[in-house]
């Protein structure tokens, strides 16, 4: 089927770009930490966020390849449960880390006079390690129950004497789905609240600057407008990811095309978010440019070697 193949290619491209982008973010921030012996709050979140996404996209890609080309292995109860449980843990963790990154941006950049916000602004750096550890444990608690009796796999012989694998929902599926939904909704609420607050604060500041100097666009105002666009794109990607993941977990679209569409939407979020993070960070942008330059030089050198071998004269 051409639609299936086309969707599969898009999913593969998104996954490879996302894995590469998050690999760059992880490597650059880890190298800065090793060389400087210091780790800022933002760098700490980026390390854990990029690592969780790198592992998630790699694991999802392996799982999808296994499901598509080796269904007999994938449909085994233990294999399926391991894939599902680890995917859920990495999904929950990456969503929480993205939410804490949004909270950090909000606390560092936004300006509000509410006492709770001012307290968060002072304490955010010391709170973040505890919040990240706590959310990781919470993600683990939400994912581990899926290891036990989440699905039963039955084999039935048809008239044609073939075996049909059917995954049936167990009696404890809906309580587990409710538990999983809580684990997904909480980081969504944190992310949306902090992102909306940050957008409102930046928008107010930009309007104030425009009123003070109408018709004049200085670099600071351009930076604020660029930040609003980036943060808004984070929000849209995050919501699309959440919707696609919820549909996938609920088995509403229990066919190959529906499954792939959800996975394509999910793969677009870590890929798009990593690209935006790289383009908005000078260090990451410079490192990515160097990597692409080295890759082009290597390809050029390889092509020259091949041409020399084919045409020695």
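In our numbering, the protein residues as written are 1 to 313.
Note that beta-carbon positions come from the ideal geometry of N, C-alpha and C, so glycine has one too.
- Assignment of residue 96 by DSSP, reduced to helix, strand and coil, places it in the helix class.
- With distances taken between CA atoms, residue 65 lies nearest to 8 out of 8, 14, 117.
- Between the alpha carbons of residue 120 and residue 194 lies a distance of about 12 Å.
- In the three-state reduction of the DSSP assignment, residue 70 falls in the coil class.
- The beta-carbon distance between residue 183 and residue 138, rounded to whole angstroms, is 7 Å. This is short enough to meet the 8 Å contact definition.
- For the pair of segments examined, the segment 6-20 was found not to touch the segment 30-38: the number of CB pairs separated by less than 8 Å stays below three.
- Taking C-beta atoms as the reference points, residue 87 and residue 53 fail to come closer than 8 Å.
- Within the same chain, and ignoring the five residues on either side of residue 279 in sequence, the residues whose Cβ sits closer than 8 Å to its Cβ are 285.
- Listed in chain order, the non-local C-beta contacts of residue 230 below 7 Å within the same chain comprise 276, 280, local neighbours out to five positions each way being set aside.
- The segment 259-274 makes no contact with the segment 107-119; the number of CB pairs closer than 8 Å stays below 3.
- Taking the Cα positions, residue 97 is about 9 Å away from residue 187.
- Using a 10 angstroms sphere on the CB of residue 100, the tally of other CB atoms reaches 16 or more, which defines it as buried.
- Taken through DSSP and simplified to helix, strand or coil, residue 33 comes out as helix.
- By the C-beta density criterion, residue 292 is exposed, having fewer than 16 other C-beta atoms within 10 angstroms.
- Within the same chain, and ignoring the five residues on either side of residue 22 in sequence, the residues whose Cβ sits closer than 6 Å to its Cβ are 50, 53, 54, 274.
- Under the rule that a run must span 4 or more residues, the alpha helix (DSSP H) segments found entirely inside the segment 105-151 read 115-143.
- Secondary structure of residue 53 (DSSP, three-state): helix.
- Secondary structure at residue 75: coil, using DSSP grouped into helix, strand and coil.
- A residue is called buried when at least 16 other Cβ atoms come within 10 angstroms of its Cβ; residue 105 meets this threshold and is buried.
- In the structure shown, the three-state DSSP call for residue 183 is helix.
- Inter-residue distance for residue 14 and residue 85 is about 22 Å (C-alpha atoms, whole angstroms).
- DSSP places residue 281 outside both helix and strand once states are collapsed to three, so it counts as coil.
- For residue 107, the closest C-alpha among the options 91, 206, 126, 90 is that of 126.
- Straight through space, the alpha carbons of residue 211 and residue 204 are spaced by roughly 11 Å.
- Looking at 62, 11, 46, the one whose alpha-carbon comes closest to that of residue 283 is 46.
- With a cutoff of 8 Å on beta-carbon distance, residue 56 and residue 91 are scored as near each other.
- About 6 Å separates the Cβ atoms of residue 267 and residue 11, confirming a contact at the 8 Å cut-off.
- For residue 58, same chain residues with a beta-carbon under 7 Å away, outside a window of 5 residues either side, are 19 in chain order.
- By the Cβ neighbour-count rule, residue 270 is buried, with 16 or more other Cβ atoms within 10 Å of its own.
- By the neighbour-count criterion, in which a residue is buried when 16 or more other Cβ atoms sit within 10 angstroms of its Cβ, residue 28 is buried.
- Rounded to whole angstroms, residue 287 and residue 297 show a C-alpha spacing of 15 Å.
- In the assembly as shown, residue 134 is an exposed residue. Its beta-carbon has fewer than 16 other beta-carbons within 10 Å.
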